[in-house]
Every structure is written in C-alpha cells, then in structure tokens.
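Scroll down for the structure; my scribbles are underneath it.
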Amino acid sequence: MSTNLEKIMHPSWAEVMTPIAPKISEMGKMLRDEGNNYLPAGGDIFRAFTYPFNQVKVLIVGQDPYPTPGNAMGLSFSVKPGVEIPKSLKNIFKELHDDLGCSAPSSGDLRPWAGQGVMLLNRVLTVTPNEAGSHRGRGWEEVTDCAISALVARDRPLVAILWGKQAQSLAPALENTPIIQSAHPSPLSASRGFFGSRPFSRTNSLLQQLGASPVNWQLP
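Numbers given in the numbering used here equal positions in the sequence shown, counted from 1, plus 3.
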C-alpha cells in the first residue's frame with residue numbers, strides 16, 4: 004500500500020488527510036508485518052477517497068470490509084459486479100424499493116452512488132480474510148475520524164446515515180450535521196427498525212432543505 008496520498012486518493016482528499024499521513028503509513032506497516040494478508044486489495048483500500056472531497060453530500064458509515072474473499076471493494080456495503088449480493092445489501096435494496104419504488108439492481112456495485120457524492124466509508128478500512136472485525140481498534144479509526152471531522156468542518160451540505168450502534172457512536176463528532184439513524188440492515192437487526200425507516204427519501208428531503216440536489220438512488 005503506497006503512503007503517497009496523491010497516489011491513493013483524489014488530490015482534494017490527499018490535502019485534507021495530510022495531517023494523518025503518518026498514521027496511514029503506520030497502517031501500511033501493520034499490513035506488511037501481517038504478511039499482506041488483508042481485504043480489500045491494496046488498490047481498493049482508499050476507494051472511498053477517490054472521489055472529490057467537496058462533492059461529498061451524503062455520508063454512509065459501515066463497520067469494516069466484507070471478510071469473504073472477493074467481496075470487499077473499498078466502499079461500505081458495496082461488492083463488485085458479479086458477486087452474490089450479501090444479505091445486508093439485499094435488505095438495503097428492499098428498503099430502497101419500499102421507500103422510493105426503485106427496481107432491483109443487477110448487482111451490488113454501489114459506485115453510481117459514490118459518483119453522486121455519497122461517501123460509503125467503512126470505519127475500519129481493512130480486514131483479515133474470513134475474520135470479521137479483525138482490524139478493529141488497530142488504528143484505522145483515527146484515519147476515518149480525520150476524514151469525518153474534515154467533512155463536518157466544511158461549509159457545505161452534508162447528511163449522515165448511521166445504521167447500527169457502531170455507526171451511531173459517531174453522532175457526537177458529526178456536530179450539527181443532519182443525521183438519519185436506525186437499526187443496522189443486517190438480517191439480525193433489520194426488522195428492529197431498519198425496515199420502514201425510509202432513509203433514502205428522508206436524505207433527499209434534507210439535501211433539498213440544505214440547498215443541495217437530491218441523489219438518484221436507482222442503480223443499474
């Protein structure tokens with residue numbers, strides 16, 4: 004993993020994240036020390052940061068990458084085209100249909116959302132294959148905290164979507180940012196408040212109140 008930030012991030016994000024560059028370098032050393040046995044692939048770790056900083060208008064916080072080899076691709080909840088859609092993402096798509104009437108997408112690739120300013124940010128950016136949560140508390144939280152603080156400090160519209168208790172623990176750091184929160188979309192908790200929460204229409208309503216354009220949530 005390169006620690007030249009402009010090689011792994013959009014230049015606008017590289018500038019913003021410069022203060023945390025030593026920690027990013029430290030995380031790269033941690034991954035090397037563990038034999039480079041991690042997901043997603045090195046070139047995908049910072050995919051959420053490859054879109055312009057000032058374009059971000061929605062922040063969706065995930066926990067850590069999918070631990071199943073072949074699934075994680077650097078955006079929270081997203082998988083590569085052709086990969087079987089994980090259960091949590093199926094539940095997100097069900098709520099998307101119930102909320103906005105969007106038809107079922109052909110894949111779980113959420114890059115069209117990212118291209119519209121939806122930052123799909125995992126709290127922890129890597130994981131050991133087949134070991135969910137294995138890199139939590141190792142230092143990535145400092146990196147993503149820096150990113151979230153920078154977004155909050157801008158004088159630009161931002162809406163945060165926090166699914167589940169781990170994501171909701173970030174609420175104090177979001178200060179006056181409008182927050183939409185509910186249970187996590189995982190099969191274990193989706194029926195306890197995620198279904199029926201209408202996060203997509205509510206986000207668009209808030210964006211318009213903030214003077215920003217709504218997101219086209221329909222996926223190919």
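The C-beta atom is built at its ideal place from N, Cα and C for all residues, glycine as well.
Because the structure is a prediction, the values reported are computed rather than measured.
Whole angstroms are fine: how far does the CA of residue j sit from the CA of residue i?
i: PRO72; j: GLY85; result: 13 angstroms
i: LYS90; j: PHE96; result: 10 angstroms
i: GLN58; j: LEU78; result: 16 angstroms
i: HIS187; j: VAL64; result: 11 angstroms
i: ALA135; j: GLU37; result: 16 angstroms
i: PRO223; j: ASP102; result: 17 angstroms
i: SER109; j: ILE183; result: 27 angstroms
i: LEU177; j: ALA107; result: 32 angstroms
i: GLY111; j: ARG201; result: 19 angstroms
i: PHE21; j: GLY31; result: The amino acid occupying residue 21 in the given sequence is Thr; Phe does not appear at that position. Between THR21 and GLY31, the C-alpha separation is close to 15 angstroms.
i: GLU29; j: SER137; result: 17 angstroms
i: SER192; j: ARG114; result: 25 angstroms
i: LYS168; j: SER185; result: 9 angstroms
i: ILE88; j: PRO190; result: 13 angstroms
i: VAL19; j: VAL155; result: 12 angstroms
i: ARG157; j: TRP116; result: 21 angstroms
Once the 5 residues before and after residue i are set aside, which same chain residues still bring their CB inside 6 angstroms of it?
i: PRO181; result: VAL162, LEU209
i: SER194; result: none
i: ILE23; result: VAL146, CYS149
i: ALA17; result: LEU8, GLU9
i: ASN74; result: VAL82, VAL86
So, for residue i: in the same chain, excluding its five sequence neighbours on each side, which residues have a beta-carbon less than 7 angstroms away from its beta-carbon?
i: LEU99; result: CYS105, PHE203, TRP220
i: ARG141; result: MET33
i: ILE48; result: MET4, GLY77, LEU128, THR129
i: THR53; result: MET12, HIS13
i: PRO132; result: ASN40, LEU42, PRO70, PRO72
With distances taken from CA atoms, which of the options is nearest residue i?
i: THR206; options: MET33, ILE164, SER152; result: ILE164
i: ALA150; options: ILE88, GLU134, PRO132, LEU173; result: LEU173
i: LYS26; options: GLN184, GLU144, PRO108; result: GLU144
i: SER152; options: HIS138, PRO132, ARG126; result: ARG126
i: ASN7; options: TYR41, GLY46, LEU42, ASN40; result: GLY46
i: LEU123; options: TRP166, SER137, PRO175, GLU9; result: TRP166
i: GLN171; options: GLN66, ASN74, ALA44, ALA156; result: GLN66
i: PRO68; options: ARG50, PRO217, SER15; result: ARG50
i: LEU213; options: ARG159, PRO190, GLY199; result: ARG159
i: VAL218; options: VAL19, VAL61, GLY199, ALA44; result: VAL61
i: SER15; options: ARG35, PHE56, ALA215; result: PHE56
So what does residue i bridge to, in DSSP terms?
i: VAL155; result: Looking at the DSSP assignment, VAL155 forms no beta bridge with any residue, so it has no partner.
i: VAL127; result: Beta-bridge pairing links VAL127 to no other residue.
i: VAL121; result: VAL61
i: TRP166; result: SER185
i: GLU134; result: THR131
Below 8 angstroms CB to CB, which residues in the same chain sit around residue i once its five sequence neighbours on both sides are set aside?
i: GLY118; result: TYR54
i: PHE197; result: ASN94, GLU98, TRP166, SER185, ALA186, HIS187, PRO188
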